[in-house]
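What follows is a single structure, written as structure tokens, with notes after it.
In this note's numbering, the protein residues as written are 61 to 204.
Okay, structure coming up:
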């Protein structure tokens, strides 16, 4: 968006806070997932994982190209220390005890990356207990 709309022509500073990680989420109702065989679930998770890894590769390549283009146009790219913000943001989870227990620990970017490095995404199939129950398979990029 910044490069395509040429917003960098007016905004000469780009602060990389990485508040949003590149995430692909496949969500289906429990009624659907419960009709699938273990083999079908594995196929969905494995191909989803592979597509996510490929998408991540393309995204990182394109991001690098866009940053080079903007820097060549005179944009100063700033990488602030996000540690203090991350620490403060983690406190939010304790303010919502009705959320699924262990939500942050089980689904934080660092956890997802660690899990993805060890096994295919099929191990990420799980249930959350929010207003609706659903199964989700996801991957998250390493940009934290």
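Cβ atoms here follow ideal geometry from the backbone N, Cα and C, with glycine treated the same way.
Please go through the same chain and pick out, in chain order, the residues whose beta-carbon is closer than 7 angstroms to the beta-carbon of residue i, but skip the five residues on each side of it.
i	result
residue 139	76
Can you list, in chain order, the residues of its chain with a C-beta nearer than 8 angstroms to that of residue i? Leave out the 5 residues immediately preceding and following it.
i	result
residue 131	137
residue 135	68, 71, 72, 73 and 74
Does DSSP put residue i in a helix, in a strand, or in coil?
i	result
residue 13	Since the displayed the chain opens at 61 and closes at 204, residue 13 lies outside it and no answer follows.
residue 162	coil
residue 114	helix
residue 75	strand
Could you compute how far the alpha carbon of residue i sits from the alpha carbon of residue j?
i	j	result
residue 93	residue 109	17 angstroms
residue 122	residue 129	11 angstroms
residue 157	residue 145	21 angstroms
residue 90	residue 147	34 angstroms
residue 66	residue 112	28 angstroms
residue 104	residue 133	43 angstroms
residue 124	residue 107	26 angstroms
residue 149	residue 159	16 angstroms
residue 155	residue 100	38 angstroms
At which residues does the alpha helix (DSSP H) containing residue i begin and terminate?
i	result
residue 136	Per DSSP, residue 136 belongs to no alpha helix (DSSP H); it is in the beta strand (DSSP E), 136–138.
residue 148	143–154
residue 69	Here residue 69 belongs to no alpha helix (DSSP H), and DSSP marks it neither H nor E.
Nearest CA to the CA of residue i: which residue from the options?
i	options	result
residue 78	96, 142 and 95	142
Does residue i have its Cβ less than 7 angstroms from a Cβ in chain D?
i	result
residue 129	In the structure shown, chain D does not exist; there is a single protein chain.
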